[in-house]
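Participant: So in numbering that gives the first Met the number 0, the last spot in the sequence shown is 424, and the numbers never skip.
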Amino acid sequence: MIDIKLLRSDPELVRENIRKKFQDAKLPLVDEVLELDREYRAANMRCDELRNQRNVISKQIGMFMAKGQRDEAEEAKQKVSQMAGEMAELEARESVLSEEIRKRMLVIPNIIDESVPIGRDDSENVEIERFGEPVVPDFEIPYHVDIMEKLNGIDLDSARKTSGNGFYYLCGDIALLQSALLSYARDFMVDRGFTYYIPPVMIRSGVVTGVMSFAEMENMMYKIEGEDLYLVGTSEHSMIGKFIDTFTNEHELPKRMTSYSACFRKEVGAHGIEERGVYRVHQFEKQEMVVVCKPEDSKQIFFEMLRNTVDFFRTLDIPVRTLECCSGDLADLKVKSVDVEAWSPRQKKYFEVGSCSNLGDAQARRLGIRIKGKSKGSYLAHTLNNTVVAPPRMLIAFLENNLNEDGSIRIPEALVPYMRRTRIG
Numbered sequence: 000m001i002d003i004k005l006l007r008s009d010p011e012l013v014r015e016n017i018r019k020k021f022q023d024a025k026l027p028l029v030d031e032v033l034e035l036d037r038e039y040r041a042a043n044m045r046c047d048e049l050r051n052q053r054n055v056i057s058k059q060i061g062m063f064m065a066k067g068q069r070d071e072a073e074e075a076k077q078k079v080s081q082m083a084g085e086m087a088e089l090e091a092r093e094s095v096l097s098e099e100i101r102k103r104m105l106v107i108p109n110i111i112d113e114s115v116p117i118g119r120d121d122s123e124n125v126e127i128e129r130f131g132e133p134v135v136p137d138f139e140i141p142y143h144v145d146i147m148e149k150l151n152g153i154d155l156d157s158a159r160k161t162s163g164n165g166f167y168y169l170c171g172d173i174a175l176l177q178s179a180l181l182s183y184a185r186d187f188m189v190d191r192g193f194t195y196y197i198p199p200v201m202i203r204s205g206v207v208t209g210v211m212s213f214a215e216m217e218n219m220m221y222k223i224e225g226e227d228l229y230l231v232g233t234s235e236h237s238m239i240g241k242f243i244d245t246f247t248n249e250h251e252l253p254k255r256m257t258s259y260s261a262c263f264r265k266e267v268g269a270h271g272i273e274e275r276g277v278y279r280v281h282q283f284e285k286q287e288m289v290v291v292c293k294p295e296d297s298k299q300i301f302f303e304m305l306r307n308t309v310d311f312f313r314t315l316d317i318p319v320r321t322l323e324c325c326s327g328d329l330a331d332l333k334v335k336s337v338d339v340e341a342w343s344p345r346q347k348k349y350f351e352v353g354s355c356s357n358l359g360d361a362q363a364r365r366l367g368i369r370i371k372g373k374s375k376g377s378y379l380a381h382t383l384n385n386t387v388v389a390p391p392r393m394l395i396a397f398l399e400n401n402l403n404e405d406g407s408i409r410i411p412e413a414l415v416p417y418m419r420r421t422r423i424g
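What follows is the structure, given as structure tokens:
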């Protein structure tokens, strides 16, 4: 959510940002907010005037009573009563206007960073850099489920009976491999100065609307029936929610956190859920990194976080590339986002395994996440998030890039202490 002061002072900048995101249907919201804001401030000003007048008249009532001027005192009381009625109406109107303004402000997209390329959708995202040499072996790479089934590592049929499509049982060496990857990711991030967290996987609606747009919430989140609770789609949600309505001293920042959780997603959309595959599923595990920092530090920290993911994948011998998300592919709260894509030898192309995002002060404004400064008082923090590793997508990349011709899986040196072997199969 942008600062309403920016919308008041430079509405054309806000309109141009909406155009850059190819969301022209939202352009009328700018004028609607400006008109509602004018009404709100007029009501607020009138309310302040009445409050001041009431205070003056209330003092006069005491003077009239002390002098025995009962008629004058009674007349003054009637004025105070009338003012109270008008103030109550104005305050009710302010509340309605404030809610209408907030509804619209929540939909107006955040101002994107000037470095973001302009494009309509993910087909216009821009490759930044490649790391590692993509290799296509001489032998055929089977579909990822076939690799896992050959190693007795996955059971989709049983999961379909118990839970439906979009769920799976991992077992044996493949289940151990996923746990090893997550444990390694945890230690990798702790070694880079991040504090490890295991957060709640259910959050209240006030946190949900603070960390994401309503459209994202509808498409992603599972609601708990009869409760004001949602299952998290990523641990970033509960980690950012941890700071709701807080003040953090400048010297305590940045807060670098890495969090593990199970994640739950509806995965509503044209892509649907694969019947035989684990690329899009309803439940998965994920290691995330989340940072709360001062505004002037967020750009540098963004690239540090991105590099962490690249380095993690390279220690596992998986080639990756980074891809700058264009304006039309950015979620409304994001200022800037870069996807990390891993190489698929089977498909002979890269596919998304994570995303690094800077949300500026959008989440902080919605949730009241403030910094206590020495020189400039309190101000809003910046928040960032990035995927360290998200099986099962990362599992697909790992299996394809470390598959041997005989169907066994090579374990890279960095993961050997966690798997306690050099191969599976």
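The beta-carbon is built from N, C-alpha and C at its ideal position, and this holds for glycine as well.
1) Using the C-alpha atoms, what's the distance from Pro391 back to Phe283?
2) What distance in whole Å lies between the Cβ atoms of Lys285 and Ser234, which are believed to be in contact at a cut-off of 8 Å?
3) Whose C-beta lies closer than 6 Å to the C-beta of Cys292 among residues of the same chain, with five residues either side of it excluded?
4) May I ask you to verify whether the region 296-312 touches the region 371-388, counting CB pairs closer than 8 Å and requiring at least 3?
5) Return the residue from the list Ile140, Arg255 and Pro108 that minimises the CA-CA distance to Glu399.
6) Mark Glu15 as exposed unless 16 or more other C-beta atoms lie within 10 angstroms of its C-beta, in which case mark it buried.
7) Check whether the Cβ atoms of Leu383 and Val231 lie closer than 9 Å to each other.
8) Rounded to whole angstroms, what is the Cα-Cα separation between Gly205 and Cys170?
9) Relative to the C-alpha of Leu239, which candidate in Ala396, Leu366 and Arg40 has its C-alpha closest?
10) Could you say which of Ser407, Val32, Lys373 and Leu26 lies nearest to Arg7 if we only look at CA atoms?
11) According to DSSP, is Lys478 part of a helix, a strand, or is it coil?
12) Let me know the secondary structure DSSP gives Val319 once reduced to three states.
13) Could you give the C-beta distance for Ile111 and Leu322, rounded to a whole number, given that I count them as a contact under 8 Å?
14) What's the C-alpha gap between Pro10 and Glu74?
15) Please confirm whether Ala261 and Val200 have their CB atoms less than 9 Å apart.
16) Ignore the nearest five residues each way along the sequence and tell me which others in Ile243's own chain have a CB closer than 6 Å to its CB.
17) Taking only the alpha-carbon atoms, compute the straight-line gap between Gln22 and Gln59 and give it to the nearest angstrom.
18) With a Cβ-Cβ cutoff of 9 Å, do Ile395 and Ser343 count as a contact?
19) Taking the alpha helix (DSSP H) that Arg101 belongs to, which residues open and close that run?
20) Hey, would you say Ser212 sits closer than 9 Å to Leu358, going by beta carbons?
21) Please say whether Ile197 and His236 have beta carbons closer to each other than 9 Å?
22) In angstroms, rounded to a whole number, what distance separates the CA positions of His143 and Lys347?
23) Among Glu148, Glu215, Arg191 and Arg185, whose alpha-carbon lies nearest the alpha-carbon of Asp331?
24) For the beta strand (DSSP E) containing Gln299, name the first residue and the last one.
25) At which residues does the alpha helix (DSSP H) containing Gln52 begin and terminate?
26) Taking the beta carbon of Met256 as the centre, do at least 16 other beta carbons fall within 10 Å, making it buried, or is it exposed?
27) Which residue spans inside the region 162-235 form an unbroken beta strand (DSSP E) run of at least 3?
28) Hey, Asn109 and Pro116: beta-carbon distance below 9 Å or not?
Facilitator: In terms of the structure at hand:
1) In this structure, the CA atom of Phe283 is about 7 Å from the CA atom of Pro391.
2) 7 Å
3) Leu252, Pro253, Ile300 and His381
4) yes
5) Ile140
6) The residue is exposed, with fewer than 16 neighbouring Cβ atoms inside 10 Å.
7) no
8) Spanning the alpha carbons of Gly205 and Cys170 requires a straight line of approximately 37 Å.
9) The sequence given here has Ile at residue 239, not Leu. Residue Leu366 is the option with its Cα nearest to Ile239.
10) It is Val32 whose Cα lies nearest to the Cα of Arg7.
11) Coverage of the chain is limited to positions 0 through 424, which leaves residue 478 absent and any answer about it impossible.
12) strand
13) No, Ile111 and Leu322 are not in contact; Cβ-Cβ is about 16 Å, not under 8 Å.
14) About 47 Å.
15) yes
16) Leu366
17) 57 Å
18) Yes.
19) Arg69 to Met104
20) no
21) No. Outside cutoff.
22) If I take the Cα positions, the gap works out to 14 Å.
23) Glu215
24) Run containing Gln299: none in the beta strand (DSSP E); it sits in the alpha helix (DSSP H), Ser297 to Thr314.
25) Leu26 to Ala65
26) buried
27) As far as the region 162-235 is concerned, its whole beta strand (DSSP E) runs of at least 3 residues are 194-196.
28) Against a cut-off of 9 Å, the Cβ pair of Pro116 and Asn109 comes out as no contact.
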